[in-house]
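Visitor: The sequence shown begins at 5 in this note's numbering and counts up by one.
Ideal placement from N, C-alpha and C gives every residue a C-beta, glycine not left out.
Structure incoming, see below.
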Amino acid sequence: MRQDPANPEQVLDFRSDTVTRPTPGMREAMARAEVGDDVMGEDPTVQRLEARVAALFGREAALFVPSGTMANLIGMALHCQRGEEVILERRTHSFVYEVGGGAALFGIPFHVVDSPDGIPQPEQIQKAIRPKNIHMPASRLLVVENTVNVAGGRVVSLERLASLRAICQQNGLALHMDGARIWNAAVASSTPLSRFAGEVDTLSCCLSKGLGCPVGSLVIGNGEAIERARKLRKMLGGGLRQVGVLAACGLYALDHHIDRLEEDQRMARELYQGLSQILDGRFRVQEPETNILLVHTDQPSTTERTLAAWSARNIQVLTLGETIIRLVTHLDLPGDAAAQALARLRAVQI
């Protein structure tokens, strides 16, 4: 955790765990990285990262790509032909925040279900699967996000994932997991990454959410799928050259930044406990499961006043719609960020 003890009113940036900057150790790893042309298969640092991630998840292969959005787009394209349908819960990142790329670029329509907690129920998926009918698109893929960002960083448990997998297998669907924050899910649930990966056909993981890297995600699956993914990456403009400088960040993060995720989750719990006491009946603070905390407000005007009041005390947050405020904890916050924030907010009138 980094802080400036000379500035007690320093900005506390809870907007996202993507705002982190490379640590000194990570910058040193970048400077030392051995590189080559990755499109030609000659970057040894990328190869080490891909092999290590594949091993962590217990799968045959992995592919480094520039972003989680590209990773999930590749995941959809691996399993669906044009006109074949992907099923998602309405809060899933691929539906909400990825610009409809599956439909726009690969002709994959979205079929959305709505669950109470942001995690699809097996019976919902069973009902959503299209019957064989000349008038209907064929259902080919289920996409599940873990953790579910817009639902407050909820963990899709291994048991829920297994039940969804069973429905998919019974009906000839593939299962792709958007594991942007799978690191947080694994730490919070004490579940090995390989157990999660064993329940899906393909998955993605993100290095710039929680792990502190400046850029990068990976697509993970069997060897045949990742070979096809490599071609899809090239088609999407994602082939990179001497990218070992970025892969080195990922290797450093795997060594130094996974175990410390519990610190972020502890900080989110501390914020939850404090805000639950400070905020009045216009607010409902949702108990966090990982490093994302949602504060629900009674109306948009309350949200607007809250954002203004918090910003005046150098506390930065984001909103999810008009009546949800999101706080995300991460390694760039000082270790006492929750205590600092709560001390400032106790004096705030909203």
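1. Among the residues of its own chain, which have a CB less than 6 Å from the CB of residue 133, if the five just before and after it don't count?
2. Under DSSP, the beta strand (DSSP E) around residue 105 begins and ends at which residues?
3. Thinking just about the alpha-carbon of each residue, which of 153, 212, 32 is nearest to the one in residue 262?
4. Roughly how far, in whole angstroms, is the beta-carbon of residue 68 from the beta-carbon of residue 50, given that I think they are within contact range, below 8 Å?
5. Going by C-alpha to C-alpha distance, which of 36, 137, 207, 61 sits closest to residue 196?
6. Compute the distance between the beta-carbons of residue 289 and residue 317, then report whether it is under 9 Å.
7. Please classify residue 359: is it buried, with 16 or more other beta-carbons within 10 angstroms of its beta-carbon, or exposed?
8. Between residue 274 and residue 331, is the Cβ-Cβ spacing less than 9 Å?
9. If I measure Cβ to Cβ from residue 341 and keep anything under 7 Å in the same chain, skipping five residues before and after, which residues do I get?
10. Taking the alpha-carbon positions, what's the residue 22 to residue 269 distance?
11. Below 9 Å between beta carbons: does that hold for residue 162 and residue 172?
12. Report back the beta-carbon spacing between residue 95 and residue 155 to the nearest angstrom; my notes put them in contact at under 8 Å.
13. Drop a sphere of 10 angstroms on the beta-carbon of residue 85, count the other beta-carbons inside from all chains shown, and report buried for 16 or more, exposed for fewer.
14. Of all the CB atoms in chain C, is at least one closer than 9 Å to the CB of residue 314?
15. Is residue 225 closer than 9 Å to residue 25 when the C-beta atoms are compared?
16. For residue 259, count neighbouring C-beta atoms within 10 Å of its own C-beta (all shown protein chains included) and say buried if the count is 16 or more, exposed if not.
17. Report yes if the C-beta distance between residue 123 and residue 177 is below 9 Å; otherwise report no.
18. Going by C-alpha to C-alpha distance, which of 168, 66, 149 sits closest to residue 188?
19. Nearest to residue 28 by alpha carbon, out of 89, 253, 231?
20. In angstroms, rounded to a whole number, what distance separates the CA positions of residue 20 and residue 321?
21. Quick check on residue 9: buried or exposed, where buried means 16 or more other Cβ atoms within 10 Å of its Cβ?
22. Assuming contact is defined by CB atoms lying nearer than 9 Å, are residue 208 and residue 79 in contact in what I supplied?
23. Spell out the partners DSSP gives residue 330 in its beta bridges.
Guide: Concretely, from the data shown:
1. Working through the sequence shown from its first residue, we reach residue 133 at position 129. These residues qualify, in order along the chain: 143, 175.
2. Here the question's residue 105 lines up with position 101 in the sequence shown. That residue, residue 105, is in no beta strand (DSSP E); its alpha helix (DSSP H) goes 105–110.
3. Within the sequence shown, numbered from 1, the residue matching residue 262 stands at position 258. When C-alpha distances from residue 262 are compared across 153, 212, 32, the shortest belongs to 212.
4. Position 64 of the sequence shown, counting from 1, holds the residue named residue 68. Position 46 of the sequence shown, counting from 1, holds the residue named residue 50. Rounded, the Cβ-Cβ distance is 5 Å, consistent with contact.
5. One-based indexing of the sequence shown puts residue 196 at position 192. The option with the nearest alpha carbon to residue 196 is 61.
6. Counting from one through the sequence shown, the residue named residue 289 turns up at place 285. Counting from one through the sequence shown, the residue named residue 317 turns up at place 313. No, Cβ-Cβ distance for residue 289 and residue 317 is not below 9 Å.
7. With the chain covering 5 to 354 only, the question about residue 359 has no answer from this structure.
8. What you label residue 274 is simply residue 270 of the sequence shown in a count that begins at 1. What you label residue 331 is simply residue 327 of the sequence shown in a count that begins at 1. Their beta carbons are not under 9 Å apart, which means residue 274 does not touch residue 331 by this criterion.
9. For the purposes of this step, residue 341 is identified with residue 337 of the sequence shown, where counting begins at 1. Within the same chain, residue 341 has close Cβ partners 16, 271.
10. Working through the sequence shown from its first residue, we reach residue 22 at position 18. Working through the sequence shown from its first residue, we reach residue 269 at position 265. Spanning the two alpha carbons is a distance of roughly 16 Å.
11. Stepping through the sequence shown from its first residue, residue 162 is reached at position 158. Stepping through the sequence shown from its first residue, residue 172 is reached at position 168. Cβ atoms of residue 162 and residue 172: not closer than 9 Å.
12. Translated into the one-based positions of the sequence shown, residue 95 becomes position 91. Translated into the one-based positions of the sequence shown, residue 155 becomes position 151. With 8 Å as the limit, residue 95 and residue 155 qualify as a contact, their Cβ atoms being about 5 Å apart.
13. Along the sequence shown, one-based indexing puts residue 85 at 81. Exposed, by the Cβ-count rule.
14. No chain C appears in this structure, which consists of one protein chain only.
15. By one-based count along the sequence shown, residue 25 stands at place 21. By one-based count along the sequence shown, residue 225 stands at place 221. In this structure, residue 225 does not lie closer than 9 Å to residue 25 by Cβ.
16. Counting from one through the sequence shown, the residue named residue 259 turns up at place 255. It counts as exposed.
17. For the purposes of this step, residue 123 is taken as residue 119 along the sequence shown, with counting starting at 1. For the purposes of this step, residue 177 is taken as residue 173 along the sequence shown, with counting starting at 1. Not in contact: residue 123 and residue 177 (Cβ atoms no closer than 9 Å).
18. To locate residue 188, count along the sequence shown from 1; it is residue 184. Answer by Cα proximity: 149.
19. For this step, residue 28 is matched to residue 24 along the sequence shown. The shortest Cα separation from residue 28 among 89, 253, 231 belongs to 253.
20. For the purposes of this step, residue 20 is taken as residue 16 along the sequence shown, with counting starting at 1. For the purposes of this step, residue 321 is taken as residue 317 along the sequence shown, with counting starting at 1. A direct Cα-Cα distance of roughly 8 Å separates residue 20 from residue 321.
21. Your numbering for residue 9 matches position 5 in the sequence shown. With a pLDDT of 45 at residue 9, under the threshold of 50, the modelled position of that residue is not reliable, and the figure given next carries that caveat. Residue 9 should be labelled exposed.
22. What you label residue 208 is simply residue 204 of the sequence shown in a count that begins at 1. What you label residue 79 is simply residue 75 of the sequence shown in a count that begins at 1. Yes.
23. Position 326 of the sequence shown, counted from the start, is the residue given in the question as residue 330. According to DSSP, which records beta bridges pairwise, residue 330 is partnered with 298, 322.
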